[in-house]
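Everything on this sheet refers to the single structure shown next.
Chains as they are written, first to last, in the numbering used here: chain A, 1298 to 1774; chain B, 61 to 175.
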């Protein structure tokens, strides 16, 4: 709602200036409003696709025995994130008026609370989008912050504890923190700048991820007795690659939609800086990794792309293309050093979420102070904003994680962890042919006459009725 | 009769099969196995750290032939599967008490002979 001044005002003004008739000007304004709103709905759909990207990256970089579990967490987050954003999140993040200084405000429960007369006309957001589009776009963002945490705590956190944490995180921590800037709160008034969420989304999620990984401790078998790192390779590099490319695609909506209109000049500019930074991030990580090993690491290069994207997110509309390449490249270099650093200090982060989202989120936010074309942006204010978010998120995340640890427990038992969370938490495998011997057994039994699954009825209890087709009746039992 | 078991590098399978065919062998059983020998696995890399993979993928070939063919088969396998580098594998020769061709009920050499 109050995320930032809209540039489409200028476009609207120009349109009405050029056409002499008032009626025609109205038509033009309505057409522009429709076009803007379509782009914003498309952007919401693109941000939605990012959740599939996260799900693929996380399942690709973790072991096959935990795949169902990680996909379940991702499924729960998008579902619960959208619903809680409907119930409280949207009206916490965009309260209109703050009730506690400029730190906290709440407009009421549900979507009707913030709905005002004319909320779905061009007057709502200067012709950028409707109230409904506003909710949808912001709701897609909200779940992203919790998804970031899911990767860092993967392969060892109790499902129930994670669900409680992510519910609280998406319902309260993310929207309250978001209101400080995008809701018009005290950081917005202080001149802090975060275009699409390097800090508000990514480092907020990143802090949660760091605290989660710290409180949980490393996965069993990650460190040898002498403290050296024993890598736990991910199950699928193809899935990881699919995930990163989907995230890159989704980021066109994440940043492009954050223009909050389809302003031709600014939207295309943002897509260019976003894309350049992503490419430079990948190259940056590849370059940095040559100092570590003679053989290139795909997972690092992919992390580098994400690092570049997170890095440019804070300033995608105010950093010129050449600087965007530099911001992305440095983010890619940073992520490699950061992954190795966190491994060394025994913060076990299976997917590199802390390095990508926290470290590069901070870098991107500072980069606004360094490279912004807007002279009002300052490095000091950016650092102040980062500090405020760090204090708030770390305190809240630590409080929730430690409370959960002390009460219902945060971590599965060592036996469950070794067996895999797919079996211990869900009782099912992610893939139905776990080993070649099992698969030949199944095929042999499938083709054997008279074979049937153990729990199928031996014979039909009821005689066939008329509405059952002969085909269904003759299907082998 | 002898049973010849060979643990070979997986990419050598086609050459081994051709070598055996030239030696007059018509039947062969192949299974995917894992293991290590004197080189004790190998190292792999993941996100900046090295780790040792103890069990490397190999193929196990099993052929049962009459005593007089055994040497020829061993030689064919050794020639076709050799790269000269560590990890080429091993060939084992075991005595076999009897063999039965299920379809006909033939016993002994008659059950494994090509003819």
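The beta-carbon is built from N, C-alpha and C at its ideal position, and this holds for glycine as well.
Below-8 Å beta-carbon distance, residue i vs any chain B residue
i	result
residue 1597 of chain A	yes
residue 1362 of chain A	no
residue 1594 of chain A	yes
residue 1637 of chain A	yes
residue 1527 of chain A	yes
residue 1640 of chain A	yes
residue 1541 of chain A	no
residue 1656 of chain A	no
residue 1777 of chain A	The requested residue 1777 of chain A is not part of the displayed model; chain A covers only 1298 to 1774.
residue 1530 of chain A	yes
Host alpha helix (DSSP H) of residue i (start-end)
i	result
residue 1458 of chain A	1456-1465
residue 1428 of chain A	1428-1449
residue 1370 of chain A	1364-1381
residue 1586 of chain A	1561-1586
residue 152 of chain B	Residue 152 of chain B -> not in any alpha helix (DSSP H); beta strand (DSSP E) instead, spanning 149-155.
residue 1540 of chain A	1534-1553
residue 62 of chain B	From DSSP, residue 62 of chain B is part of no alpha helix (DSSP H) but of the beta strand (DSSP E) over 62-68.
residue 1595 of chain A	1595-1610
residue 1452 of chain A	Premise fails: residue 1452 of chain A is in no alpha helix (DSSP H) and is neither H nor E.
residue 1344 of chain A	1319-1357
residue 1655 of chain A	No alpha helix (DSSP H) contains residue 1655 of chain A, which DSSP labels as neither H nor E.
residue 74 of chain B	73-82
residue 172 of chain B	169-172
Other residues of its chain near residue i: CB distance less than 8 Å, five sequence neighbours each side excluded
i	result
residue 1709 of chain A	1453, 1454, 1455, 1718, 1721, 1722
residue 1580 of chain A	1601, 1626, 1629
residue 1506 of chain A	1445, 1446, 1448, 1449, 1450, 1646, 1650, 1651, 1654, 1655
residue 1433 of chain A	1338, 1341
residue 173 of chain B	126
residue 1417 of chain A	1427, 1428, 1429
Contact with chain A by residue i, beta-carbon distance below 8 Å
i	result
residue 73 of chain B	no
residue 98 of chain B	no
residue 88 of chain B	no
residue 95 of chain B	no
residue 149 of chain B	no
residue 144 of chain B	no
residue 84 of chain B	no
residue 107 of chain B	yes
Inter-residue spacing [alpha-carbon to alpha-carbon] between residue i and residue j
i	j	result
residue 120 of chain B	residue 154 of chain B	14 Å
residue 93 of chain B	residue 109 of chain B	27 Å
residue 1330 of chain A	residue 1425 of chain A	6 Å
residue 164 of chain B	residue 140 of chain B	33 Å
residue 1509 of chain A	residue 1472 of chain A	19 Å
residue 1488 of chain A	residue 1494 of chain A	15 Å
residue 1381 of chain A	residue 1371 of chain A	15 Å
residue 1643 of chain A	residue 1540 of chain A	26 Å
residue 1713 of chain A	residue 1517 of chain A	11 Å
residue 1675 of chain A	residue 1559 of chain A	28 Å
residue 1701 of chain A	residue 1513 of chain A	11 Å
residue 1620 of chain A	residue 1609 of chain A	10 Å
residue 113 of chain B	residue 90 of chain B	23 Å
residue 1567 of chain A	residue 1328 of chain A	23 Å
Close Cβ partners of residue i (< 7 Å) along its chain, the five nearest in sequence each way excluded
i	result
residue 169 of chain B	61, 126
residue 1618 of chain A	1569, 1570, 1573
residue 1521 of chain A	1527
residue 1547 of chain A	1343, 1344, 1346, 1347, 1350
residue 136 of chain B	79, 80, 82, 83
residue 1515 of chain A	1643, 1645
Segment limits, beta strand (DSSP E) that includes residue i
i	result
residue 95 of chain B	89-95
residue 1254 of chain A	Limits of chain A in this structure are 1298 at one end and 1774 at the other, which puts residue 1254 of chain A out of reach.
residue 1471 of chain A	Residue 1471 of chain A -> not in any beta strand (DSSP E); alpha helix (DSSP H) instead, spanning 1471-1476.
residue 111 of chain B	109-113
residue 116 of chain B	116-125
residue 1692 of chain A	Here residue 1692 of chain A belongs to no beta strand (DSSP E); instead the alpha helix (DSSP H) covers 1676-1703.
residue 105 of chain B	102-106
Own chain, CB closer than 6 Å to residue i, minus 5 neighbours either side, in chain order
i	result
residue 1636 of chain A	1649, 1652
residue 1633 of chain A	1582, 1585, 1586, 1597
8 Å Cβ cutoff, residue i in contact with chain D
i	result
residue 1360 of chain A	Here the protein chains are A and B, and chain D is not one of them.
Evaluate the contact criterion for the segment 1640-1653 of chain A versus the segment 1663-1670 of chain A: three or more CB pairs, one atom per stretch, below 8 Å. With a cut-off of 8 Å, the segment 1663-1670 of chain A and the segment 1640-1653 of chain A do not count as touching, because too few Cβ pairs lie within range.
Do three or more CB pairs link the segment 1494-1502 of chain A to the segment 1685-1692 of chain A at distances below 8 Å? Contact between the segment 1494-1502 of chain A and the segment 1685-1692 of chain A is present: three or more C-beta pairs spanning the two stretches fall below 8 Å.
Check whether the segment 1351-1358 of chain A touches the segment 1525-1541 of chain A, counting contact only when three or more Cβ pairs, one atom from each stretch, lie closer than 8 Å. Yes, since at least three Cβ pairs between the segment 1351-1358 of chain A and the segment 1525-1541 of chain A fall closer than 8 Å, the two stretches touch.
Could you check whether the segment 1384-1395 of chain A touches the segment 1406-1419 of chain A, counting it as contact only if at least three pairs of C-beta atoms, one from each stretch, sit closer than 8 Å? Yes, the segment 1384-1395 of chain A is in contact with the segment 1406-1419 of chain A.
Between the segment 1456-1470 of chain A and the segment 1411-1419 of chain A, do three or more beta carbon pairs fall short of 8 Å? Result no; under three Cβ-Cβ pairs closer than 8 Å.
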